[in-house]
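Asks:
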Ligand SMILES: [Zn+2]
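Residue numbers (the working numbering): 538 to 775.
(1) With respect to 6 Å, is the separation between the Cβ of residue 531 and the closest non-hydrogen atom of ligand 1 below this value?
(2) Could you confirm whether any beta carbon from chain B is found closer than 7 Å to the beta carbon of residue 617?
(3) So, does the stretch 725–740 touch the stretch 699–706, judging by three or more C-beta pairs under 8 Å?
(4) How is the alpha helix (DSSP H) around residue 753 delimited, first residue to last?
(5) For ligand 1, is there a heavy atom less than 6 Å away from the beta-carbon of residue 714?
(6) Please list the segments of the beta strand (DSSP E) lying wholly inside the stretch 593–640, counting only runs of 3 or more residues, in order along the chain.
(7) Over what stretch of residues does the alpha helix (DSSP H) that includes residue 650 continue unbroken?
(8) Would you mind giving the Cβ-Cβ distance between residue 749 and residue 610, rounded to the nearest angstrom? I have them listed as a contact below 8 Å.
(9) In terms of DSSP beta bridges, what is residue 686 paired with?
(10) Leaving out the 5 sequence neighbours to the left and right, which residues in its chain are closer than 6 Å to residue 618 when beta-carbon positions are compared?
(11) I'd like the list of long-range same chain contacts for residue 556, defined as Cβ closer than 7 Å, with 5 residues on each side in sequence excluded.
(12) Tell me whether residue 692 sits in a helix, a strand or coil according to DSSP, three-state version.
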């Protein structure tokens, strides 16, 4: 019986030592337990876990602008919140508002091509469509000094051979709250917030006051949920 008792005591001691090792507990010279190191290690681990959870990315995209009032309102709101977005602008609007295009660039947003006149690609207008893309690239490059790589084809109609011919990359979307056909900002916000998942590309238009209001409300709710907003380039290639 004494042997069994001793074996149990040894077993208990080994178990304690194993647990002490596992939890990073140290014994000081005076025999006191030292938790500091263990606490520091677990704090670092917790922080790493938090950061891993936090990096859930979304891309907001705005088509059809720049609009003389609403785009600036949107840029103000994005700046206040430290959020970057992607703007697919038409050449004709960019030509009228080069100052807004410049502001987009200065504030870290990505600028893409949405054709010159919001043209839809059809079977019989391939060359005209291509000319519109080239003309819009030239307008944007003149304003920003940067090459335009991304295009959002109006209505999503695209010809893959343009990618080689023009060295341009089409960017479609994964969430469409149909902001252009609703004047109810809360309803648009809800559609976005209830649908989004990590790495989604959200389609909106900076051409309506309700869209701007809805986008900023959605940004606030999604930032609170831990999402980070990035440009489409970061979603597609990082
Ligand atoms: Zn459009």
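A virtual CB, placed ideally from N, CA and C, is assigned to each residue, including glycine.
A quick note: this is a predicted structure, and the numbers were derived from the prediction, not measured.
Replies: If we stick to the structure as given:
(1) With the chain covering 538 to 775 only, the question about residue 531 has no answer from this structure.
(2) Protein chain content of the structure displayed is limited to a single chain, and chain B is not contained in it.
(3) Taking 8 Å as the limit for Cβ pairs, the verdict is that the stretch 699–706 does not touch the stretch 725–740.
(4) For residue 753, the enclosing alpha helix (DSSP H) covers residues 746–761.
(5) Not under cutoff, so the answer is no.
(6) Listed in chain order, the complete beta strand (DSSP E) runs (minimum 3 residues) inside the stretch 593–640 are 593–600, 623–626.
(7) Looking at the DSSP string, residue 650 is not in any alpha helix (DSSP H); the run it does join, the beta strand (DSSP E), is 647–650.
(8) At roughly 5 Å, the Cβ-Cβ gap stays under 8 Å, so residue 749 and residue 610 are in contact.
(9) Beta-bridge pairing links residue 686 to no other residue.
(10) Cβ neighbours of residue 618 beyond the five flanking positions: 756.
(11) At residue 556, the pLDDT of 42 sits below 50, so the modelled position is not reliable and the matter cannot be decided from this model.
(12) Here residue 692 sits in helix by DSSP.
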